[in-house]
Amino acid sequence: MLKKVLLCVLAIAAVACKKEKEEKNAETAKREVLKPIEVKEFGFNLNNYVVRRDTVKSGDSFGEILAQNNIDYAKVYKIAEIAKDTFDIVRGLRAGKPYTLLCSKDSLQKPECFIYQPNSVDYVVIRFADSIQAYKEKKPVTIVEREASGIITSSLSEAIMEKEMDYQVAYDLSNIYAWTVDFFRLQRGDRFKVIYEEKYIDDTIYAGIGDIKAAYFKHNNKPFYSFKFRTDSVNKISDYYDEEANTLRRAFLKAPLEYSRISSRYTKRRFHPVQKRWKAHLGTDYAAPHGTPIKATANGTVTKSGYTSGNGNYVKIRHNSTYETQYLHMSKRAARVGQHVNQGDVIGYVGSTGLATGPHVCYRFWKNGRQVDPFKQDLPSAEPIEKELKEGYLAYIQPLKSRLDNILFDDEQEEFITAVGE
Numbered sequence: 000m001l002k003k004v005l006l007c008v009l010a011i012a013a014v015a016c017k018k019e020k021e022e023k024n025a026e027t028a029k030r031e032v033l034k035p036i037e038v039k040e041f042g043f044n045l046n047n048y049v050v051r052r053d054t055v056k057s058g059d060s061f062g063e064i065l066a067q068n069n070i071d072y073a074k075v076y077k078i079a080e081i082a083k084d085t086f087d088i089v090r091g092l093r094a095g096k097p098y099t100l101l102c103s104k105d106s107l108q109k110p111e112c113f114i115y116q117p118n119s120v121d122y123v124v125i126r127f128a129d130s131i132q133a134y135k136e137k138k139p140v141t142i143v144e145r146e147a148s149g150i151i152t153s154s155l156s157e158a159i160m161e162k163e164m165d166y167q168v169a170y171d172l173s174n175i176y177a178w179t180v181d182f183f184r185l186q187r188g189d190r191f192k193v194i195y196e197e198k199y200i201d202d203t204i205y206a207g208i209g210d211i212k213a214a215y216f217k218h219n220n221k222p223f224y225s226f227k228f229r230t231d232s233v234n235k236i237s238d239y240y241d242e243e244a245n246t247l248r249r250a251f252l253k254a255p256l257e258y259s260r261i262s263s264r265y266t267k268r269r270f271h272p273v274q275k276r277w278k279a280h281l282g283t284d285y286a287a288p289h290g291t292p293i294k295a296t297a298n299g300t301v302t303k304s305g306y307t308s309g310n311g312n313y314v315k316i317r318h319n320s321t322y323e324t325q326y327l328h329m330s331k332r333a334a335r336v337g338q339h340v341n342q343g344d345v346i347g348y349v350g351s352t353g354l355a356t357g358p359h360v361c362y363r364f365w366k367n368g369r370q371v372d373p374f375k376q377d378l379p380s381a382e383p384i385e386k387e388l389k390e391g392y393l394a395y396i397q398p399l400k401s402r403l404d405n406i407l408f409d410d411e412q413e414e415f416i417t418a419v420g421e
C-alpha cells in the first residue's frame, strides 16, 4: 500500500515538473520571439540607432546636412578637420550618392555617425558621438568569374550589350587592345572571347566588373590573345601580354580618344571646309562629342600648350628624339608646358576652337621633325615580359588559354548543335 502511495506521489511530481518545464520553455520562446532580429550594416547593429538614409542633393554640403540634424557648425568644422586626413568630406560629397545618419535612440535623436557611400562597395565612416573617428571600409564582395563571347555586327559596344555584359567590358577591352586593334576599323564578323570577374555584394547585389583575366580578339582574320599577369608583386604592377609573353602595348595608342569616328584622314590634298580651298591636311580628324577627353598617345613632355587662330586650343608633346604628337581644336587644355605625361593621361577636351566646323580633335604626328601619317608608320613595340618571369607566365596562362579556346561563338554553337542532331 505504501509503495503505491509513493509511486502516485512521484507520478504527480513528475507531471508537475513537466508542466513547469513546458511553461518555462514557452516563456523562453515567447521572449525569443519578442527579441528583435539583429540588423547589421557598416559594422553597426542598426537596432541601437535611429537610422536616417538619404542621398546628397545638388548644392548640399556636409555642414548643411549635419546642421539640419541639430549639429552646430563649430562641431561640424571640428569633425571635418579631423576627418580630412581620411576623407575630405567637405569637398568629397557628390550629388546623387547615398549617406546614412545613425542617431541616438532617445528623444533628442542626435546624430552620432555619418556614413557616406561614394560607390556601391566603398564607404566612409565618421563617428562623433564622443571622440571623432574617421575610417574607410569596403562591403564584403564575392567575385564570380564569367566567360562570354561576341561577334561584331556594327560596333564593339553593341556586341557587348547584346550579350547582356556590363558596358565596362567594352571600355576595358578597348584599353587592353588599344595598341593592337584599330577600333575605328572593326569589320563585321570580327569577334572576341573574354574571361572576366563580376563583383557581388552579399552574393546578390551586382557591383560591377573586376579584372579581365584573359581575352581573345580576332580582327581582320588575325587573332590577338591577352592575359593579365602581375610582374611586380611588391608594387602590385600588372599588364597584359600575348601567348608568347610579348606585351600588347606599343609606343603609341592607335587613337587619342575613346569611341569616335575618323572624319578626315591624313592627305596631301583636301578641300578645307572653312577656308574653301584645296590644301594638304597633315593630320587625322576624330569627330567626337564636345568635352570628350583627349589622351596622350604615348609618354612624353609637353612642349607647347596654347592657342592660335588656326589650331585653336592645342597641346604638343615630345615623346623622344624621333617622335612628337599634336592635338588641335580643344575646348579646354589640361596640360601645361614642361609637364610630363604618361600614355593615356587626359591632356584636353574635344572642342571646335580655331578653324573647325564642328567638335573634333585633329591629331598630328611628327617623325624626325616631319609630319607623317601615323597609320603608315611601323611603330616600335614596348618591352616584352622580363626573361626571368617568362617561364612562370607561360605556365600561368596555359589553363586560361585552354578555357578561351573552348568558348564557342554563337555561329559555332549552332554548327555544333546541328552536327550533334545529325
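For the sequence shown, numbering that gives the first Met the number 0 assigns the number 0 to the initial residue and increments by one for each residue that follows. The C-beta atom is built at its ideal place from N, Cα and C for all residues, glycine as well.
Candidates the options, of which the one nearest residue i by Cα
i      : options                        : result
VAL49  : LEU101, GLY305, PHE226, LEU252 : LEU101
GLU390 : LEU172, ASN245, HIS318         : ASN245
ILE396 : GLN325, GLU37, PHE226          : PHE226
ARG184 : LYS400, TYR285, LYS74          : TYR285
SER60  : HIS339, PHE43, ALA79, GLU243   : ALA79
ASN219 : ILE211, GLY188, ARG248         : GLY188
PHE216 : ALA287, ASP129, ASP241, THR230 : ASP241
LEU281 : TRP365, SER103, ALA128         : TRP365
VAL301 : SER263, THR266, VAL340         : VAL340
ASP202 : VAL143, TYR239, GLU163, THR179 : VAL143
TYR402 : ASN312, ALA147, ALA128, GLY309 : A small fix is needed here, since residue 402 is Arg in this sequence, not Tyr. Minimum Cα distance to ARG402 is reached at ALA147.
GLN116 : ASP410, GLU40, LEU393          : GLU40
SER103 : SER262, LEU92, ASP129          : ASP129
ILE384 : ILE204, SER262, THR230, GLN186 : THR230
PHE251 : GLY353, ARG260, ARG317, ILE236 : ARG317
GLN108 : ASN68, ASP87, ALA94, LEU92     : ASN68
SER263 : LYS400, PRO358, PRO398         : PRO358
GLY42  : ARG93, VAL123, ASP105          : VAL123
Short Cβ contact (9 Å threshold) for residue i with residue j
i      : j      : result
LEU327 : THR291 : no
VAL360 : ALA287 : yes
PHE191 : TYR265 : no
ASN310 : SER330 : no
THR179 : ARG249 : yes
GLN338 : ARG363 : no
GLY353 : THR307 : yes
LEU247 : PHE223 : yes
Residues near residue i by beta carbon distance below 8 Å, same chain, minus five either side
i      : result
PHE182 : LEU155, SER173, TYR176, LYS253, ALA254, TYR258
VAL89  : SER60, PHE61, GLY62, ALA79, LYS83
TYR72  : GLY62, ALA66
ILE204 : SER119
LYS77  : ILE131
Per-residue DSSP class, three states only, for residue i
i      : result
ARG402 : helix
GLN370 : strand
ILE88  : helix
TRP277 : Bear in mind that a pLDDT of 48 at TRP277, under 50, signals an unreliable position, so the number given afterwards is only what the model happens to contain. Correct three-state label for TRP277: strand.
MET164 : coil
ASP171 : helix
ILE396 : helix
GLN132 : strand
ASN312 : strand
ASP410 : helix
LYS227 : strand
LEU45  : helix
VAL233 : coil
VAL301 : strand
VAL75  : helix
SER106 : coil
LEU101 : strand
Residues near residue i in its chain [Cβ-Cβ closer than 6 Å; skip 5 each side]
i      : result
SER304 : VAL314, ARG332, ALA334, ARG335, VAL336
ALA158 : GLY149, ILE151
ASP165 : ILE208
ILE125 : ALA82, PHE113, ALA133
ALA169 : LEU155, SER156, ILE159
Cβ-based neighbour list, residue i, same chain, cut-off 7 Å, excluding 5 preceding and 5 following
i      : result
ARG145 : TYR195, GLU197
ALA206 : SER119, VAL120, VAL140, LYS198, TYR199, ILE200
LYS137 : VAL120, ASP121
Contact with chain D by residue i, beta-carbon distance below 9 Å
i      : result
LYS104 : The structure shown contains no chain D; it holds only a single protein chain.
Legend entry - Meets three-Cβ-pair contact criterion under 8 Å: the region 364-379 and the region 111-131: no
Legend entry - contact_flag[the region 124-133, the region 146-163] where n(CB pairs < 8 Å) is 3 or more: Taking 8 Å as the limit for Cβ pairs, the verdict is that the region 146-163 does not touch the region 124-133.
Legend entry - Contact the region 339-352 vs the region 209-217: 3+ CB pairs below 8 Å: no
Inset, instruction - Assess, as a yes-or-no matter, whether the region 51-69 is touched by the region 91-99 under the definition of 3 or more beta carbon pairs within less than 8 Å. - result: The region 91-99 makes contact with the region 51-69, as at least three CB pairs between them are under 8 Å.
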